[in-house]
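J.: First to last, the sequence lines map onto chains A, B, C and D. Numbering-wise, the UniProt record's numbering puts 13 at position 13 of the first sequence, and it's gapless, one number per residue. Numbering-wise, the UniProt record's numbering puts 76 at position 76 of the second sequence, and it's gapless, one number per residue. Numbering-wise, the UniProt record's numbering puts 148 at position 148 of the third sequence, and it's gapless, one number per residue. Numbering-wise, the UniProt record's numbering puts 94 at position 94 of the fourth sequence, and it's gapless, one number per residue. So that we are looking at the same thing, I have put the structure below in structure tokens.
4 protein chains.
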Amino acid sequence: MKQLRIGMIGYKFMGKAHSNAYRSLPMFFPQAIKPEMSVICGRNAGAVNQAAVQLGWSDSVTDWRELISREDIDLIDINAPSNAHKEIALAAAKAGKHIFCEKPLALTLEDAREMLHAAEEAGIVHMVGFNYRFSPAVRLAKKLVESGRLGTIYHFRAWFLQDWIMDPEFPLVWRLQKEIAGSGSHGDLGAHLIDLAHFLVGDIHEVIGMSETFIKERPIATEMTGLSAKGSKDDPKGPVTVDDATLFLARFENGAMGSFEATRFAAGHRSTNSFEINGSLGSVKFDFERMNELEVYLTSDHEDVQGFRRVLATDPAHDYAEAWWPPGHTIGFEHTFIHEMLELSSAIEEGRQPEPNFHDGVKCQAVLEAVERSIDERRWVNISEM
Amino acid sequence: MKQLRIGMIGYKFMGKAHSNAYRSLPMFFPQAIKPEMSVICGRNAGAVNQAAVQLGWSDSVTDWRELISREDIDLIDINAPSNAHKEIALAAAKAGKHIFCEKPLALTLEDAREMLHAAEEAGIVHMVGFNYRFSPAVRLAKKLVESGRLGTIYHFRAWFLQDWIMDPEFPLVWRLQKEIAGSGSHGDLGAHLIDLAHFLVGDIHEVIGMSETFIKERPIATEMTGLSAKGSKDDPKGPVTVDDATLFLARFENGAMGSFEATRFAAGHRSTNSFEINGSLGSVKFDFERMNELEVYLTSDHEDVQGFRRVLATDPAHDYAEAWWPPGHTIGFEHTFIHEMLELSSAIEEGRQPEPNFHDGVKCQAVLEAVERSIDERRWVNISEM
Amino acid sequence: MKQLRIGMIGYKFMGKAHSNAYRSLPMFFPQAIKPEMSVICGRNAGAVNQAAVQLGWSDSVTDWRELISREDIDLIDINAPSNAHKEIALAAAKAGKHIFCEKPLALTLEDAREMLHAAEEAGIVHMVGFNYRFSPAVRLAKKLVESGRLGTIYHFRAWFLQDWIMDPEFPLVWRLQKEIAGSGSHGDLGAHLIDLAHFLVGDIHEVIGMSETFIKERPIATEMTGLSAKGSKDDPKGPVTVDDATLFLARFENGAMGSFEATRFAAGHRSTNSFEINGSLGSVKFDFERMNELEVYLTSDHEDVQGFRRVLATDPAHDYAEAWWPPGHTIGFEHTFIHEMLELSSAIEEGRQPEPNFHDGVKCQAVLEAVERSIDERRWVNISEM
Amino acid sequence: MKQLRIGMIGYKFMGKAHSNAYRSLPMFFPQAIKPEMSVICGRNAGAVNQAAVQLGWSDSVTDWRELISREDIDLIDINAPSNAHKEIALAAAKAGKHIFCEKPLALTLEDAREMLHAAEEAGIVHMVGFNYRFSPAVRLAKKLVESGRLGTIYHFRAWFLQDWIMDPEFPLVWRLQKEIAGSGSHGDLGAHLIDLAHFLVGDIHEVIGMSETFIKERPIATEMTGLSAKGSKDDPKGPVTVDDATLFLARFENGAMGSFEATRFAAGHRSTNSFEINGSLGSVKFDFERMNELEVYLTSDHEDVQGFRRVLATDPAHDYAEAWWPPGHTIGFEHTFIHEMLELSSAIEEGRQPEPNFHDGVKCQAVLEAVERSIDERRWVNISEM
């Protein structure tokens, strides 16, 4: 069996999720190549050292270039802030390392394309972290669409609603700064919706959007970790340079109509990542807060018992389910990453590109930027313009 | 077409629901005999007169004996307090009037049997007001059971949960006095569950129960109307002589297991009248607070899309639905009474007994009393003992 | 007490709903002026005569001009197909009759404005039939917004999803013909969403939309009634000239962001009329298929019990509830019309304009047309352009 | 920091869940003693060896006595079939090992008491595996009850519904044999409900129950693993000696009324472990299929927004949540075991007994047996009789 020695850059929210996934893979999917959690990398020596111990990495370094130069590493996992993705990925590709990169792939479409080009030139395996594809309930939706059981797709509507920065005193974390994060809710949340749309419905033809920054200035963050941070009224303030909410309409290549909304200002929604698909033969609804469930409607049901059924995607008939617990015993957020790493590991073993890979990352970035252009220029933008 | 001239005794909560039903029948079910709202009867002349005007009755009287003696009345509708049912029904039967009687039929099984006997002797049409049978979603459940689509029935569990008397200052209304109401949650709410069990699953073989009166004394009510009343701490108190909650287990004749709970002390449940049936081929769930819906599970569904489906019983395939609004446009509590009066009117026209009739009222009373005996004697009671 | 003698034009779906409302008003809201159901009008003498009997009207006529000319009529209720609204309304206003007109007010904004102008010139009372405003749960949403309990409004998203014409063999009924209906899902369903947006959030500043007709030809209908009709493959076909689905984005005057979707191609949605509002202090969600419920989230809840609560709007604290049944006993679709007629009757008695009136009808029409223009011209359209 | 070297007996469903918990503890709760996964034990050498590799144990043995005799083991984790618990636990206690034992503690109350006695004599730390206590949403329920925020408790109703053996061809696995499993749904599912009742409401005073075995003979299993197994019509059959369903009523010491139902014959319920508590100041509802949620009703809510709120127990205010993912990102079944092992580890470190421990196991067993006696003798049984 091949080796898969990993060097990971980043150790906060995503670093923890990835570590847990690498660590869990052999127990639940023993057929996969076992990832070796070799080296973790972060700028703060003390912190990254502590993370190595807690998260189970054999070694830690503070310089990502050093990590990339090591012979004993097969794959670079990039989950540093978004503005660091490109430089690291280019270097990793050049060094012939496989790459797993968190989404969004890059800050701009141009950068994303450069990364894809470099990866293809280097002939490495590349993957991008659209983890929601790996919910069993989402796989079921995919299966129903792909097999034609929903018929012709007419509508895709999706919304990713959060409320964690609604307090005006919440500080100016990096996710609220354009030069680091690229965009706000759009790239963070909307990107997931766009990828799900690509995965489930197909390519997008044209878009038009709108966006808003409701709170335009915030206290400069003095301390932050993962998604949490603290600020106060008396702190000096700085401008929020990303969107708090972005909505857009889309027309798919296949004629379906799309509606997308990403916001961090939906009180009561901690993390509602939800979509619905309507086809000529049926519909599906998904909400990540109830990620084990898919609501399914089929027009072929007997006329007196037609209705959305709540399918708990924990039966043997559902992807990944048999690796886990008996039917009715649910899994959680972190499991999407374990399934993601299974795809990564399988692709490497089988010598193919995993899905989603940098192509998908580029495609997502093209839509993200097309939406931004449509907002700037107040007009419909065709994706082929990008 | 035959005539159906009605004399109604009672004009509070149920009187209003019945009046609305009689009044609505011709508009939505024009094929039915049109009920004539002839005379309404109540002890307080001013109040009953006002009710006649508001509810649409042609005439009003204060003496129910006078009402029964009138030649121009075909049917007596009894919705006075429970302790008055028997005397009125016996007199009405003797006078050859058809009878619609609210549930519970009587305060005791003996009385109920006497009423049934009198009705049969007189050869009149008799009906008892178990209105929940007439929800389209409940009819769908019935259809699924009866046609065998749920297979062998293993379980019936039902609960009727309310919270309107949880405040200890809520006064001692007639519904809390045994000599008027017969029992508390048991006869008021549990009776409906028992009737639904009879309707949907079949006869009950044996029962064992428990009951409780959580608040044992209450202010004596100075003013009350329908279900609402006011009391205060300083009012003199009297003993509550009925149960606040009664639970029981049951074994059905067909081997199914039953669980029943009626309570007025379930905070947050304004009126949750709910049941679930589990059979070898499927299950159904119902909650009257969402009365237009039936949740249906069928084992015959394809293995990857098994789940409870939420059927909105407003399609043409559902009983009564076409008389109302287009699919997806819901009906409410009062519509159960309109459907009930349709059954009453149809039965009279067709010269048959409606369902449910006094036989069902007696059967329900037998279970109610068996449960009470099982509580008193702390043992299982066979319904055939009663 | 003043008189309110009604002449109604139209007797299908809406005619039945209105008749039921007039008939029910005195029983449940005895304080209101009692509407007299005087004359019903329709082109087919036999059918309208039968409708008069079934729906409870004293008289029927086949010529609406005759109806309007009658001295014994105070109010004209217009629920004929949309293309007839204008001519009737202008004549009624000229005759000094009060007018209740179903939505959409007219086929064009220009017509709607002419109708408003005529009504104002004539000094009559005018109302437009946006019945969903009159759900108790919607009133609760209004109250929460208006009192500031939801804080600054950031988002309004709404969708009205149906599936009744998804079958390509469903025939070309009048609702699918532009010259009669004006538009398809947009004017039929979207109009309700726009009115709710106006009612709950405020005026709309600009819009951009997209629309689609998925099934472009349909069998010419040979028989139709209300919303139901039959067609077959072998019937000759004609072009569908209205939209099957229309979506649009909106910016409100107060800065809130809006997303709207109306479609008749959402399999499994019989009639999902749903919205959500997110404000700085809380959120509400509504779905007409569960019209008695409003989901409410308040940021002021204790930190360990924050969540959307399902409020059943049947408590005494909720609008209209006390006129109906005890808490927990729900109402249905038709009740929105009864509450609507209560507002109409009250306004006439109090000598004021009801809400919503022709101003609201015009405002809605302006947004409908702005959306259409935005679709034609593929650009954002400011409502002030219209 | 103290050591916690574990020897685990059993490696199927529960063995996997425990292994995952031990393995995950240090990553998510680094403050806890790190469990060392030393030795795993099973009768089949090849299978247990493979399990050791897959589940991450350093060593494996086939003789549990050998395991217990090893010096380098601090704690024995018993998740072998129920009939093996007692002998192993007695030996482990005698050897001075701490014990974690899966539920039910033993096949009989007498055995359970003997195990408790042995554990106390030995002065070891002992714990029993009622993992559902460790759902964050259940902890929230506990907190609301304990702090008095629900007031006086009136009702506890609970049901654990499954459907995995409804097929009559499902074979006679050990869980269906009394001599190995002790009982069926009662001890497997009902035991969890009883423990939750003890945890959330308090001690039970008396019970009366009923039970049923719907399928009385089944094919003798030829192959089985965890909860899954295969049989066929042609296999020889043997008698099912445990209950398929057991229901009982209970009165708590504090006066609350209880209703319990455990069944494996509820079609559509893969694993619905659900309870509701009604108190004078509020109610809570829980369903393990949506284990991240607790529905909470509080009478103190403003009168116009009273309703059950859906609390997602993933906020910092909820137990365990901060160790996991940001608010709105859910956890699954397996996490209950991780929290369980945290309590085990913390208790060992702090030199106290964890909760739940063998006392709770005995208490649960007493109720289980009292219910069985009540069924045999068809009468109420007081727990103090046991």
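Ideal Cβ positions, reconstructed from N, Cα and C, are used throughout, including at glycine.
So, helix, strand or coil for D:ALA51, using DSSP?
T.: Taking the fourth sequence and counting its residues from 1, the one referred to as residue 51 of chain D is at position 51. Looking at D:ALA51 - three-state DSSP - the assignment turns out to be helix.
J.: Return yes when the Cβ of B:LEU67 is within less than 8 Å of the Cβ of B:SER345, no when it is not.
T.: Along the second sequence, one-based indexing puts residue 345 of chain B at 345. Along the second sequence, one-based indexing puts residue 67 of chain B at 67. In this structure, B:LEU67 does not lie closer than 8 Å to B:SER345 by Cβ.
J.: If you reduce the DSSP assignment to three classes, tell me which class D:MET210 lands in.
T.: If you number the fourth sequence from 1, residue 210 of chain D lands on position 210. Correct three-state label for D:MET210: strand.
J.: Using a cut-off of 8 Å between C-beta atoms, extract the partners of C:VAL138 located in chain D.
T.: Within the third sequence, numbered from 1, the residue matching residue 138 of chain C stands at position 138. Those within 8 Å of C:VAL138 in chain D number zero; the least Cβ separation is about 13 Å.
J.: Between C:GLN127 and C:PRO356, which are expected to be in contact by the criterion C-beta below 8 Å, what is the C-beta distance as a whole number of angstroms?
T.: Along the third sequence, one-based indexing puts residue 127 of chain C at 127. Along the third sequence, one-based indexing puts residue 356 of chain C at 356. Reading off the sequence shown, one finds Met at residue 127 of chain C, where the question assumed Gln. With 8 Å as the limit, C:MET127 and C:PRO356 qualify as a contact, their Cβ atoms being about 7 Å apart.
J.: Is it right to say C:LYS94 is buried, meaning 16 or more other beta carbons lie within 10 angstroms of its own, or is it exposed?
T.: By 1-based counting over the third sequence, the position of residue 94 of chain C is 94. Exposed, by the Cβ-count rule.
J.: Return no unless some Cβ of chain C is closer than 8 Å to the Cβ of A:TRP164.
T.: For the purposes of this step, residue 164 of chain A is taken as the residue at position 164 of the first sequence. It does not; no Cβ of chain C falls within 8 Å.
J.: Using a Cβ-Cβ cutoff of less than 7 Å, which residues in the same chain neighbour A:LYS142 once the five nearest sequence positions on both sides are dropped?
T.: For this step, residue 142 of chain A is matched to residue 142 along the first sequence. Answer for A:LYS142: PHE199 and LEU200, listed in chain order.
J.: Quick one: Cα of D:MET58 to Cα of D:ILE124, how far?
T.: Locating residue 58 of chain D in the fourth sequence gives position 58, where the first residue counts as 1. Locating residue 124 of chain D in the fourth sequence gives position 124, where the first residue counts as 1. According to the sequence as given, residue 58 of chain D is Ser; it is not Met. If you take the alpha carbons of D:SER58 and D:ILE124, they lie about 24 Å apart.
J.: On the DSSP letters alone, give me the boundaries of the alpha helix (DSSP H) that D:LYS237 sits inside.
T.: Indexing the fourth sequence from 1 puts residue 237 of chain D at position 237. Counting along the chain, D:LYS237 falls outside any alpha helix (DSSP H), though it belongs to the beta strand (DSSP E) covering 237-239.
J.: Using a Cβ-Cβ cutoff of 9 Å, what residues of the stretch 305-322 of chain C are near chain D? List them in chain order.
T.: So the list reads VAL305, GLN306, GLY307, PHE308, ARG309, ARG310, VAL311, LEU312, ALA313, ASP315, PRO316, ALA317 and HIS318, given in the order they occur along the chain.
J.: Which residue's Cα is closest to the Cα of C:LYS216: C:GLY238, C:GLY258, C:TYR132 and C:ILE331?
T.: As a working mapping, residue 216 of chain C is identified with position 216 in the third sequence. When each option's Cα is compared against that of C:LYS216, the closest is C:GLY238.
J.: Which chain D residues are close to C:GLU303, counting only those with a beta carbon under 9 Å from its beta carbon?
T.: Walking along the third sequence from the start, residue 303 of chain C turns up at place 303. The answer, in chain order, is ASP315, PRO316 and ALA317.
J.: Which runs of the alpha helix (DSSP H) spanning at least 4 residues fall entirely within the stretch 91-164 of chain C, listed in chain order?
T.: Here the runs fully enclosed are 109-122 and 136-146.
J.: CB-CB under 6 Å to D:PHE130, same chain, minus the five flanking residues each way: which ones, in chain order?
T.: Here residue 130 of chain D refers to the residue found at position 130 when the fourth sequence is read from its first residue. The answer, listed in chain order, is LYS103, ASP195 and PRO356.
J.: Scan the stretch 294-331 of chain C and note each continuous alpha helix (DSSP H) run of 4 residues or more that stays entirely inside, going in chain order.
T.: Within the stretch 294-331 of chain C, no complete alpha helix (DSSP H) run reaches 4 residues.
J.: Does the distance from the CB of residue 405 of chain B to the CB of B:ILE33 come in under 8 Å?
T.: This structure leaves residue 405 of chain B out entirely; chain B is present only between 1 and 386.
J.: Taking C-beta pairs closer than 7 Å, name the residues in chain B that D:LEU210 reaches, listed in chain order.
T.: Looking up residue 210 of chain D in the fourth sequence gives position 210. Residue 210 of chain D is actually Met in this sequence, not Leu. By Cβ distance, chain B contributes LEU249, ARG251 and MET257.
J.: Using DSSP bridges, identify the partner residues of C:ASN382.
T.: Taking the third sequence and counting its residues from 1, one reaches residue 382 of chain C at position 382. The partner list for C:ASN382 (beta bridge, DSSP) reads C:GLU206.
J.: Look up B:ALA256 in the DSSP assignment and say whether it is helix, strand or coil.
T.: By one-based count along the second sequence, residue 256 of chain B stands at place 256. In the structure shown, B:ALA256 sits in coil (DSSP, three-state: anything other than H, G, I, E or B).
J.: Across which residues does DSSP place B:GLY7 in a beta bridge pair?
T.: Walking along the second sequence from the start, residue 7 of chain B turns up at place 7. Answer is B:VAL39 and B:ILE76.
J.: Per the contact definition of three or more C-beta pairs closer than 8 Å, is the stretch 265-282 of chain A in contact with the stretch 273-285 of chain B?
T.: In short, these stretches do not touch, since the Cβ pair count stays below three.
J.: Determine, using beta carbons only, whether B:GLN54 comes closer than 8 Å to chain C.
T.: Numbered from 1 along the second sequence, position 54 holds the residue referred to as residue 54 of chain B. It does; some Cβ of chain C falls within 8 Å.
J.: Go to B:ASN374, then tell me how far its alpha helix (DSSP H) extends in each direction, as first and last residue.
T.: Residue 374 of chain B sits at position 374 when you count from the first residue of the second sequence. The question names Asn, but residue 374 of chain B is Ser in the sequence shown. Note, B:SER374: alpha helix (DSSP H), 358-377.
J.: Please state whether the Cβ-Cβ distance between B:ILE165 and B:SER82 is less than 8 Å.
T.: In the second sequence, counting from the first residue as 1, residue 165 of chain B sits at position 165. In the second sequence, counting from the first residue as 1, residue 82 of chain B sits at position 82. Not in contact: B:ILE165 and B:SER82 (Cβ atoms no closer than 8 Å).
J.: Between B:VAL145 and the rest of its own chain, which residues show a CB-CB distance below 6 Å, the 5 nearest in sequence each way excluded?
T.: Sequence index remark: in the second sequence, residue 145 of chain B carries index 145 (1-based). The answer, listed in chain order, is LEU200.
J.: For the stretch 56-70 of chain D, which residues have a beta carbon sitting closer than 8 Å to at least one beta carbon of chain A?
T.: Taking 8 Å as the Cβ-Cβ cut-off against chain A, the residues of the stretch 56-70 of chain D that qualify are GLY56.
J.: Please look up how many angstroms separate the CB atoms of D:LEU247 and D:GLY209, rounded, as I've assumed it's under 8 Å.
T.: Counting from one through the fourth sequence, the residue named residue 247 of chain D turns up at place 247. Counting from one through the fourth sequence, the residue named residue 209 of chain D turns up at place 209. That belief holds up - the Cβ atoms of D:LEU247 and D:GLY209 are roughly 6 Å apart, short of 8 Å.
J.: Check the C-beta distance from D:LEU281 over to D:GLY151 and give it rounded, since I have them as a contact under 8 Å.
T.: As a first step, residue 281 of chain D is located in the fourth sequence; it is residue number 281 there, counting from the start. As a first step, residue 151 of chain D is located in the fourth sequence; it is residue number 151 there, counting from the start. Right, the Cβ-Cβ distance comes to about 3 Å (below 8 Å), so this counts as a contact.
J.: Kindly give me the distance between the Cβ atoms of C:THR314 and C:ALA321, rounded to whole angstroms, as I take these residues to be in contact under 8 Å.
T.: Numbered from its first residue, the third sequence carries residue 314 of chain C at position 314. Numbered from its first residue, the third sequence carries residue 321 of chain C at position 321. Between C:ALA321 and C:THR314 the Cβ distance is about 5 Å, and since that is below 8 Å, they are a contact.
J.: How would you list, in chain order, the residues of chain B whose beta-carbon sits under 9 Å from the beta-carbon of C:PRO81?
T.: Numbered from 1 along the third sequence, position 81 holds the residue referred to as residue 81 of chain C. The premise fails here: C:PRO81 is roughly 16 Å from chain B at the closest Cβ pair, so nothing lies under 9 Å.
J.: Taking all protein chains shown into account, decide if B:GLU121 is buried (16 or more other Cβ within 10 angstroms of its Cβ) or exposed.
T.: For this step, residue 121 of chain B is matched to residue 121 along the second sequence. Label assigned to B:GLU121: exposed.
J.: If you measure between the beta carbons of B:THR263 and D:HIS155, is that distance less than 8 Å?
T.: For the purposes of this step, residue 263 of chain B is identified with residue 263 of the second sequence, where counting begins at 1. For the purposes of this step, residue 155 of chain D is identified with residue 155 of the fourth sequence, where counting begins at 1. Against a cut-off of 8 Å, the Cβ pair of D:HIS155 and B:THR263 comes out as a contact.
J.: In chain D, which residues lie less than 7 Å from B:GLU261 when you measure between Cβ atoms?
T.: By 1-based counting over the second sequence, the position of residue 261 of chain B is 261. Correct list: ARG157 and SER259.
J.: So what does DSSP say about C:THR62, is it helix, strand or coil?
T.: To locate residue 62 of chain C, count along the third sequence from 1; it is residue 62. Coil.
J.: Considering C:ILE277, what are the terminal residues of the alpha helix (DSSP H) in which it resides?
T.: For the purposes of this step, residue 277 of chain C is identified with residue 277 of the third sequence, where counting begins at 1. Taken as a continuous stretch (DSSP letters only), C:ILE277 belongs to no alpha helix (DSSP H), being part of the beta strand (DSSP E) at 272-279.
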